[in-house]
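A short worksheet on the structure shown next.
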Amino acid sequence: MSMGVAGALHIQALLGSMGRLVRSPFSTALTILVIALALALPTALRLLVLNAEAATGGFSTAIDLSVYLKTDTPLVKAQQLERNVRERSDVARVELISADKAMEEFRNYSGFGSALEALKENPLPHVLHVQPRMDAQNTAAVESLRRYFSAWPEVDLVQVDTEWVRRFNAILDVLRNLLAIAAVLLGTGVLAVIGNTIRLEILNRRAEIEVTKLVGGSNAFVRRPFLYTGVLYGLAGALLAWAIVQTAVVVLGRPIATLAELYGSHFFLQGPPMDDVGVLLATGIVLGWMGAWISAARHLRRIEPRA
Numbered sequence: 011m012s013m014g015v016a017g018a019l020h021i022q023a024l025l026g027s028m029g030r031l032v033r034s035p036f037s038t039a040l041t042i043l044v045i046a047l048a049l050a051l052p053t054a055l056r057l058l059v060l061n062a063e064a065a066t067g068g069f070s071t072a073i074d075l076s077v078y079l080k081t082d083t084p085l086v087k088a089q090q091l092e093r094n095v096r097e098r099s100d101v102a103r104v105e106l107i108s109a110d111k112a113m114e115e116f117r118n119y120s121g122f123g124s125a126l127e128a129l130k131e132n133p134l135p136h137v138l139h140v141q142p143r144m145d146a147q148n149t150a151a152v153e154s155l156r157r158y159f160s161a162w163p164e165v166d167l168v169q170v171d172t173e174w175v176r177r178f179n180a181i182l183d184v185l186r187n188l189l190a191i192a193a194v195l196l197g198t199g200v201l202a203v204i205g206n207t208i209r210l211e212i213l214n215r216r217a218e219i220e221v222t223k224l225v226g227g228s229n230a231f232v233r234r235p236f237l238y239t240g241v242l243y244g245l246a247g248a249l250l251a252w253a254i255v256q257t258a259v260v261v262l263g264r265p266i267a268t269l270a271e272l273y274g275s276h277f278f279l280q281g282p283p284m285d286d287v288g289v290l291l292a293t294g295i296v297l298g299w300m301g302a303w304i305s306a307a308r309h310l311r312r313i314e315p316r317a
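11 is the number of the first residue of the sequence shown in our numbering; add one for each residue after it.
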């Protein structure tokens with residue numbers, strides 16, 4: 011069989027599958043909707059993880075050290091220590107919060123402004139907030155940096171702020187595991203839906219299949235239009251799933267942006283990146299093809315021309 015003939019047969023099978031779907035709009039729409047909902051849920055969970063990472067500004071990998079100086083340390087000395095820290099190659103950023111600035115912020119946000127006026131002196135220390143470089147955020151490097159600060163005679167306490175990072179990463183890990191479980195379960199559901207749909211179509215076209223086999227049609231020839239039907243179902247379901255998720259992003263985008271502004275953030279809800287859209291469409295096509303192939307391979311073997 012030449013390439014031109016083979017191509018024509020594939021085009022014929024594809025167009026025939028499209029025609030049969032169009033001639034049954036209600037059942038086709040219901041099947042595509044079920045597939046779309048099954049694909050939209052893991053896509054939405056994936057988008058939730060991506061937006062959670064974006065909303066936090068990448069601090070899921072950030073580790074900070076808070077270096078509390080002794081209360082009798084002069085501000086000039088604290089500024090000198092800040093400059094020394096800034097020169098270290100394993101430090102990405104350092105910020106000095108003076109005792110006066112800390113007291114001012116506490117007075118503004120604590121609600122105890124009038125009570126604090128009774129204090130004769132500022133009990134708060136100067137604090138250095140130190141963020142190590144990304145390549146120096148492993149356990150050994152952070153511990154070495156902690157010992158370095160602890161050795162200073164001006165330092166009262168060194169606190170490594172990693173607990174919140176571990177909690178946030180644990181939440182993301184739960185979401186990723188939930189995403190994987192949902193993808194497997196719902197992907198299996200898509201296979202079942204498409205497989206059952208193809209099974210019903212094979213039963214409805216049993217007489218046609220018997221005639222085709224009677225005149226010499228092979229199982230591969232008979233199976234081809236059903237495979238294209240499964241692919242079309244999977245692709246259409248994936249496109250609808252993309253549309254559902256994108257619509258949700260548009261609907262929720264403005265309220266989430268308003269909420270972020272109230273917290274002083276410029277975060278806005280992001281839609282699915284094009285790489286994820288490509289994976290979604292490819293997943294729909296593959297699941298559609300697999301579901302149709304499994305169902306067709308199983309049921310076509312049972313249909314043979316009658317003598």
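Yeah, the Cβ is synthetic: ideal placement off N, Cα and C, and Gly gets one too.
**Message:** So Q141 and D74 are supposed to be a Cβ contact under 8 Å. How far apart are they, rounded?
**Reply:** Between D74 and Q141 the Cβ distance is about 5 Å, and since that is below 8 Å, they are a contact.
**Per DSSP, the bridge partner or partners of Q141** = R103, per the DSSP bridge assignment.
**Beta-carbon spacing of A161, P135 below 7 Å** = A161 places its beta carbon 7 Å or farther from that of P135.
**Item:** Cα-Cα separation between A208 and L237, rounded to whole angstroms
**Value:** Per the sequence shown, residue 208 should be read as Ile rather than Ala. I208 and L237: Cα-Cα distance of roughly 9 Å.
**Message:** Using a 10 Å radius around the Cβ and a threshold of 16 neighbouring Cβ atoms, would you call T83 buried or exposed?
**Reply:** Buried: at least 16 other Cβ atoms inside 10 Å.
**Request:** Please classify G298: is it buried, with 16 or more other beta-carbons within 10 angstroms of its beta-carbon, or exposed?
**Result:** The Cβ neighbour count for G298, taken over all protein chains shown within 10 Å, is at least 16; the residue is labelled buried.
**Request:** Name the one or two DSSP bridge partners that Y238 has.
**Result:** Note: Y238 sits in no beta bridge, so no partner.
**Same chain, Cβ closer than 8 Å to L279, five either side skipped, listed in chain order** = Once the five neighbours on either side are set aside, the close Cβ partners of L279 are N61, V259, L262, G263, I266 and A267.
**Item:** Three-state secondary structure (DSSP) of D74
**Value:** Here DSSP, grouped into helix, strand and coil, assigns D74 to strand.
**Item:** Through-space distance from A306 to A217, alpha-carbon basis
**Value:** The alpha-carbon of A217 is positioned some 15 Å away from that of A306.
**Prompt:** With distances taken between CB atoms, is the gap from V77 to V168 smaller than 7 Å?
**Reply:** Against a cut-off of 7 Å, the Cβ pair of V168 and V77 comes out as a contact.
**Message:** Tell me the DSSP secondary structure of Q280 in three-state form.
**Reply:** When DSSP states are grouped into helix, strand and coil, Q280 belongs to the coil group.
**Asked** When the Cα of G205 is compared with those of L245, E97 and G240, which residue comes out closest?
**Response** Ranking L245, E97 and G240 by Cα distance to G205 puts G240 first.
**Request:** Out of A292, V59 and I212, state which residue places its alpha-carbon closest to the alpha-carbon of L245.
**Result:** Looking at the Cα atoms, A292 is the closest of the given residues.
**Asked** How far does the alpha helix (DSSP H) with K87 in it reach, from first residue to last?
**Response** L85 to R96 is the span of the alpha helix (DSSP H), which, as asked, contains K87.
**C-beta contact flag for A224 and R56 at 7 Å** = It is Leu, not Ala, that sits at residue 224 in the sequence shown. Between L224 and R56, the CB-CB gap reaches or exceeds 7 Å.
**Request:** May I ask which residues mark the beginning and end of the alpha helix (DSSP H) holding T81?
**Result:** Run containing T81: none; DSSP gives neither H nor E here.
**Request:** Assign R233 to one of two classes, buried (16 or more other C-beta atoms within 10 Å of its C-beta) or exposed (fewer than that).
**Result:** By the neighbour-count definition (other C-beta atoms within 10 Å, threshold 16), R233 is a buried residue.
**Item:** Nearest neighbour of A230, chosen from V170, N214 and R308 [CA to CA]
**Value:** The shortest Cα separation from A230 among V170, N214 and R308 belongs to R308.
**Request:** Flag this pair as touching only if the stretch 38-53 and the stretch 97-106 have three or more C-beta atom pairs under 8 Å; answer yes or no.
**Result:** With the cut-off at 8 Å, the stretch 38-53 and the stretch 97-106 do not touch.
**Asked** How big is the Cα-Cα spacing for V296 and F178?
**Response** Going by the C-alpha atoms only, they are around 34 Å apart.
**Asked** From T38 to A192, what does the alpha carbon distance come to, in whole angstroms?
**Response** Cα atoms of T38 and A192: separation of roughly 24 Å, rounded to the nearest angstrom.
**Asked** Is the Cβ-Cβ distance between G281 and G247 less than 7 Å?
**Response** No; because the gap between Cβ atoms is not below 7 Å, this pair is not in contact.
**Asked** Does the Cβ of I181 have 16 or more other Cβ atoms within 10 Å, making it buried, or fewer, making it exposed?
**Response** By the neighbour-count rule (16 or more Cβ atoms within 10 Å), I181 is not buried but exposed.
**Item:** Residue burial classification, L196 (beta-carbon count within 10 angstroms, cutoff 16)
**Value:** A residue is called buried once 16 or more other Cβ atoms fall within 10 Å of its Cβ, and L196 is buried on that count.
**Asked** Hey, out of L272, L290 and A302, whose CA is closest to V255's CA?
**Response** Each of L272, L290 and A302 was checked against the Cα of V255, and the nearest Cα belongs to L290.
**Asked** How many whole angstroms separate the CB atoms of L91 and E164, which I take to be in contact at a CB cut-off of 8 Å?
**Response** Contact between L91 and E164 holds, since their C-beta atoms are separated by about 7 Å, short of 8 Å.
**Item:** In DSSP terms, what L57 is bridged to
**Value:** Beta-bridge pairing links L57 to no other residue.
**Request:** Step through the CB atoms of chain B and report whether any lies within less than 7 Å of the CB of I266.
**Result:** Within the model displayed, chain B is absent; a lone protein chain is all it includes.
**Whole-number beta carbon distance between L250 and I42, since they are thought to touch under 8 Å** = Confirmed, about 6 Å.
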